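Peer 1:
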Amino acid sequence: DGGITQSPKYLFRKEGQNVTLSCEQNLNHDAMYWYRQDPGQGLRLIYYSQIVNDFQKGDIAEGYSVSREKKESFPLTVTSAQKNPTAFYLCASRRTGLTGELFFGEGSRLTVL
Amino acid sequence: GQQVMQIPQYQHVQEGEDFTTYCNSSTTLSNIQWYKQRPGGHPVFLIQLVKSGEVKKQKRLTFQFGEAKKNSSLHITATQTTDVGTYFCAGFMNGQNFVFGPGTRLSVLP
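Protein chains in written order, with my numbering: chain V, 86 to 198; chain G, 31 to 140.
Here's what the structure looks like:
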């Protein structure tokens with residue numbers, strides 16, 4: 086089945102540690118996105134990538150980093166510089182252009198202890 | 031910056047009642063999409079509206095895009111318990127990414 090896979094689903098980390106969230110898609114989509122969702126709130130854009138080896142900051146990129154070395158993969162690193170990292174992280178992909186919906190993974194829930 | 035607002039934030043209805051959520055953008059949108067997120071789940075695409083004044087229906091759901099392409103609405107007729115969740119609108123901006131509204135959380139009492 087085609088889709089988008091995030092791992093891990095749940096992750097606990099101590100303060101001061103970096104953690105990397107995986108996002109893989111086999112939909113052949115060029116564009117990939119990372120969103121953060123806090124309880125009872127909407128989705129805020131962290132980073133997005135329209136093509137391999139290129140990515141742009143979203144609205145809340147501070148404390149995060151990404152790479153896009155392969156079309157299928159768009160990992161997100163939550164660094165120790167992120168002051169409030171506990172959140173639900175959603176990865177999405179879509180074909181580029183004006184139309185085309187976002188396909189979301191099931192999300193990764195990060196808790197900082 | 032570019033903003034997308036949604037009201038109401040929460041809505042509690044009795045099963046069988048109608049429900050409407052409204053979405054407003056500070057700027058003109060290329061298109062708008064609607065997503066539904068069930069409790070504990072991830073957002074799932076419902077529909078996309080592109081043309082000014084466009085109206086689309088999906089069974090009990092009716093979606094509208096304003097004439098100025100700055101607002102949209104989602105109306106559910108005769109809600110069911112399966113309609114429970116948070117409904118998000120997302121405006122496509124800059125030709126590259128979506129800006130999501132904060133969502134409307136719908137509760138349906140049986």
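A virtual CB, placed ideally from N, CA and C, is assigned to each residue, including glycine.
It should be emphasised that the depicted structure is a prediction, and the values quoted were computed from it without experimental measurement.
Residue 91/G: which of 69/G, 98/G, 103/G, 83/G sits nearest, CA to CA?
Peer 2: Among 69/G, 98/G, 103/G, 83/G, the Cα nearest to that of residue 91/G is on 103/G.
Peer 1: Going by Cα to Cα distance, which pick from 131/G, 127/G, 105/G is closest to residue 46/G?
Peer 2: Considering only alpha carbons, the answer is 105/G.
Peer 1: In the region 104-128 of chain G, which residues sit with their C-beta less than 8 Å from some C-beta in chain V, listed in chain order?
Peer 2: Going along the region 104-128 of chain G in chain order, one finds 118, 120, 122, 125, 126, 127, 128 with a Cβ nearer than 8 Å to chain V.
Peer 1: What is the DSSP secondary structure of residue 113/G, counted as helix, strand or coil?
Peer 2: Helix at residue 113/G.
Peer 1: Under DSSP, the beta strand (DSSP E) around residue 111/V begins and ends at which residues?
Peer 2: Unbroken run through residue 111/V: none, as it is neither H nor E.
Peer 1: So, is the C-beta of residue 82/G closer than 8 Å to a C-beta in chain V?
Peer 2: Output row for residue 82/G: interface = no.
Peer 1: Rounded to whole angstroms, how far is the Cβ of residue 120/V from the Cβ of residue 177/V, which I believe are closer than 8 Å?
Peer 2: The pair is a contact, with the Cβ atoms about 7 Å apart (cut-off 8 Å).
Peer 1: Identify, in the order they occur along the chain, each residue of the same chain with its Cβ nearer than 8 Å to the Cβ of residue 137/G, setting aside the five sequence neighbours on each side.
Peer 2: Excluding sequence neighbours, residue 137/G sits near 40, 41, 42, 43, 114.
Peer 1: Could you tell me whether any Cβ in chain V is nearer than 8 Å to the Cβ of residue 54/G?
Peer 2: By this cut-off, residue 54/G is not an interface position.
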